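Numbering (the working numbering), first residue to last: 35 to 472. For reference, the structure discussed in these notes is given below.
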């Protein structure tokens, strides 16, 4: 999913197979020859969020300082469904930038990488990339991208001052979280911030629950990909939709949750008018940027399961930088992408964009002044209590999930109905991708 990034666009985007649309985009097996001499201008497509732009521009400035004969110009795209469709349209028409900043995982596979992206498998630049990341940008055994940022997690931001004021402790089970919500509601504060005006945000309760799904159903990802496991008929997976329904049924959302935006949700969180916000940690940079004085008041915890003895974090890999297969400047593009995938590139990004989790670049370290919410994640990484989000374990993520989770989260559909509709959505997408067993 993503609003951008992420990244996130990371959890948050339409997944359509592009094979039928992009046949005319390939043009040939390799990009055109690179300029032998003189200045070269590369183009880069970025998400239009301020944080994504700040990060891209910081890396570009550091790169251009070292490579004065190569300039990089930034073009932007919207987040969410609109941005995903724009990327696919530009690829299908052959009107694409040299470098594309886009999701890793299942969303990347929907871009028809063999036709549209440059194979980086045997490039030396991949030496800097940790092995844990490579499968998320691999298609049919070939690697197509490098990490463009830090990892992030899906879970619950919370306002520490509200917790202090009400004497609450961080929950380790779903039941404990619901008890906290009841206390918060009784105090006249919104327990759970809903920002369904931006429909991608409605997915988080379902997507961030994957650590718990995997804990209770370890084979779910493989069986789901093979078409033998369904959300509606797997109790551990259906539970994710049930949690979303429960939040609505108990009246824990703000009254205007269908008209509230992501940006407004962040404001509610820092002001303490809302106590919890289920979200990806890619929200940390805008929180730091817009609410620096309150960032110490914001904590983060994983979405709890039903068992206190197994409490862990669902992790999203960073978005990636890809090279368009038909770029006229493949060597210069590789040089820039190599810089992105280096400790120096990550350090440049960190000067303007707070990391949202640990890096997956060898030698890249988080700055010491990371936000408390990032520090809250570290113990789960150190103890191995993490699981990748499902979209990094399976190529399937149905494009209609945001609409379905809005309906479940608003009481229009029950959890069971939403899961059944999503299973049908997933089936369509799996068939479009040509997966076996469907």
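In this text, a Cβ means the ideal position worked out from N, Cα and C, and glycines have one as well. All values derive from a computational prediction rather than experimental measurement.
What is the DSSP secondary structure of residue i, reduced to helix, strand or coil?
| i | result |
| --- | --- |
| residue 336 | strand |
| residue 124 | helix |
| residue 195 | helix |
| residue 400 | coil |
| residue 303 | helix |
| residue 219 | helix |
| residue 249 | helix |
| residue 142 | helix |
| residue 433 | coil |
| residue 59 | In this predicted model, residue 59 has a pLDDT of only 36, less than 50, meaning its place in the structure is not dependable; the value taken from the coordinates is given anyway. Correct three-state label for residue 59: helix. |
| residue 151 | strand |
| residue 261 | coil |
| residue 329 | helix |
| residue 409 | helix |
| residue 164 | coil |
| residue 278 | helix |
| residue 67 | Confidence at residue 67 is low in this model, with a pLDDT of 43, below 50, so the placement of that residue should be treated as unreliable; the coordinate-derived value is given next. Reduced to three states, the DSSP call for residue 67 is coil. |
| residue 295 | coil |
| residue 189 | strand |
| residue 423 | coil |
| residue 135 | strand |
| residue 224 | strand |
Hey, could you find the ends of the alpha helix (DSSP H) residue i is sitting in?
| i | result |
| --- | --- |
| residue 202 | Run containing residue 202: none; DSSP gives neither H nor E here. |
| residue 97 | 84 to 100 |
| residue 229 | Careful: residue 229 lies outside any alpha helix (DSSP H) and carries neither H nor E. |
| residue 456 | 449 to 466 |
| residue 446 | That residue, residue 446, is in no alpha helix (DSSP H); it is neither H nor E in DSSP. |
| residue 319 | 318 to 324 |
| residue 171 | Residue 171 -> no alpha helix (DSSP H), and no H or E assigned at all. |
Using beta-carbon positions only, say whether residue i and residue j come within less than 8 Å of one another.
| i | j | result |
| --- | --- | --- |
| residue 336 | residue 189 | yes |
| residue 219 | residue 286 | yes |
| residue 367 | residue 134 | no |
| residue 313 | residue 235 | yes |
| residue 179 | residue 356 | yes |
| residue 120 | residue 111 | yes |
| residue 347 | residue 431 | no |
| residue 237 | residue 435 | yes |
| residue 101 | residue 369 | yes |
| residue 244 | residue 423 | yes |
| residue 83 | residue 128 | no |
| residue 459 | residue 265 | no |
| residue 386 | residue 182 | no |
| residue 391 | residue 185 | yes |
| residue 351 | residue 138 | yes |
| residue 388 | residue 318 | yes |
| residue 227 | residue 306 | no |
Looking at the secondary structure, which residues open and close the beta strand (DSSP E) in which residue i lies?
| i | result |
| --- | --- |
| residue 157 | Counting along the chain, residue 157 falls outside any beta strand (DSSP E), and DSSP gives it neither H nor E. |
| residue 109 | 104 to 111 |
| residue 80 | 74 to 81 |
| residue 309 | 308 to 314 |
| residue 181 | 179 to 181 |
Quick check: does the Cβ of residue i come within less than 7 Å of any heavy atom belonging to the ligand NAP?
| i | result |
| --- | --- |
| residue 339 | Among the components of this structure there are no ligands whatsoever, and the ligand NAP is therefore not found. |
Would you call the segment 137 to 155 in contact with the segment 377 to 386, where contact means no fewer than 3 C-beta pairs closer than 8 Å?
no
Three CB pairs or more closer than 8 Å across the segment 73 to 81 and the segment 107 to 123:
Yes, the segment 73 to 81 touches the segment 107 to 123.
Flag this pair as touching only if the segment 202 to 215 and the segment 327 to 344 have three or more C-beta atom pairs under 8 Å; answer yes or no.
yes
Quick check on the DSSP output: what are the complete beta strand (DSSP E) runs of length 3 or more inside the segment 344 to 401, in order along the chain?
Whole beta strand (DSSP E) segments, 3+ residues: 347 to 350 and 354 to 357.
Hey, is the segment 408 to 417 in contact with the segment 249 to 256, meaning 3+ C-beta pairs nearer than 8 Å?
no
When the Cβ atoms of the segment 393 to 412 are set against those of the segment 157 to 175, are three or more pairs found closer than 8 Å?
Cβ pair count under 8 Å is three or more, so yes.
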